[in-house]
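Asks:
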Amino acid sequence: MDTASSPATLARRTHSLADVVVDHIKGRIAADLLRPGDKLPTESALMEALGVSRTVVREAISRLQAKGLIETRHGIGSFVLPPRADNSIPLGDASTLHDILSMLELRVAIETECAGLAALRISPAGIDAVRAALEAIEQDQADGNDSAPSDLLFHLSIARATGNEHFVGALAQLGRTLIPRTRMNLSQVGYLNAPELRATVNREHHSIFEAIARKDPEAARAAMRMHLSNSRERLRRAQEAVDSQTTRPAG
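Sequential numbering of the sequence shown, starting at 1, is according to full-length UniProt numbering.
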């Protein structure tokens, strides 16, 4: 029997592809692109968007149902459920610069270890998922679209690669607060979206991905720690740039 098409191999492939669909939907929920009460895309739409089979989509939907993230109404579709109060961590609103910088400190603690464990445990399908998220960030930027959802999916796909659902859950609860520029005003975002800064962030993302892909946990931890530390510094500079403009004498 051809091992590439054996039942066991096909089952493993379906399981891995279902992870991709689950992460895609969880990422959209975390990014507020799908909110409680919203209807999920149809099976056909998910199949086309993600290049997977109906079997894969149905397995992913079953997993999301089991996690209490969605409910399926027969003959109507699947809908996002409100988060369960007993499964949440009080993380605050992250509405001020101080809050955002504090959130980044929390992320350093969580995501540095995430990256190291991902490098130790990542599967070929996991590498593909992280790479796809990385490519989606750059495609969004090239198309002039908001890259925050893809950025969030990049970090979630690394968490998924640890094989520890608690990492995924913690980062998913952070949602869009995981991407600091979504919590900042237009002037700050304009500074952070400067082409040279975007290029720097993309290089940092690539360094994280490359260390994970070559299964180097210490390099992955170092790359993630540097990325998040640099993010803190970029936020400080963005605020300083805005402050200097508002205090500059007119004329």
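We treat Cβ as the ideally placed atom computed from N, Cα and C, and that holds for glycine.
Determine contact between the region 214-230 and the region 110-123, defined as no fewer than three beta-carbon pairs at a distance below 8 Å.
Replies: Yes: the two stretches touch, three or more of their Cβ pairs being nearer than 8 Å.
Asks: What are the start and end residues of the beta strand (DSSP E) that includes serine 78?
Replies: On the sequence shown, position 78 is the one that residue 78 refers to. Serine 78 -> beta strand (DSSP E) spans 77-80.
Asks: What are the residues that DSSP puts in a beta bridge with lysine 39?
Replies: Taking the sequence shown and counting its residues from 1, one reaches residue 39 at position 39. According to DSSP, lysine 39 bridges with Phe79.
Asks: Tell me whether glutamate 111 is buried or exposed, calling it buried when 16 or more other Cβ atoms sit within 10 Å of its Cβ.
Replies: Counted from its first residue, the sequence shown places residue 111 at position 111. Glutamate 111 comes out buried.
Asks: Are cysteine 114 and alanine 172 touching if we call contact CB-CB under 8 Å?
Replies: If you number the sequence shown from 1, residue 114 lands on position 114. If you number the sequence shown from 1, residue 172 lands on position 172. Not closer than 8 Å, so no.
Asks: Got a sec, what are the start and stop residues for the beta strand (DSSP E) arginine 73 sits in?
Replies: Position 73 of the sequence shown holds residue 73. First-last of the beta strand (DSSP E) with arginine 73: 70-73.
Asks: Hey, quick one: how far does the alpha helix (DSSP H) through serine 62 stretch, first residue to last?
Replies: Your numbering for residue 62 matches position 62 in the sequence shown. Segment 54-66, the alpha helix (DSSP H) holding serine 62.
Asks: Starting from serine 157, follow the alpha helix (DSSP H) in both directions and report where the run begins and ends.
Replies: Counted from its first residue, the sequence shown places residue 157 at position 157. Its alpha helix (DSSP H) spans residues 148-161.
Asks: Pick out whichever of Leu156, Thr42 and Leu197 has its Cα sitting closest to the Cα of residue 289.
Replies: Since the displayed the chain opens at 1 and closes at 251, residue 289 lies outside it and no answer follows.
Asks: Please report the Cβ distance between phenylalanine 79 and aspartate 38, rounded to the nearest whole angstrom; I am assuming they are in contact, meaning their Cβ atoms lie under 8 Å.
Replies: Along the sequence shown, read from residue 1 onward, the residue named residue 79 stands at position 79. Along the sequence shown, read from residue 1 onward, the residue named residue 38 stands at position 38. At roughly 7 Å, the Cβ-Cβ gap stays under 8 Å, so phenylalanine 79 and aspartate 38 are in contact.
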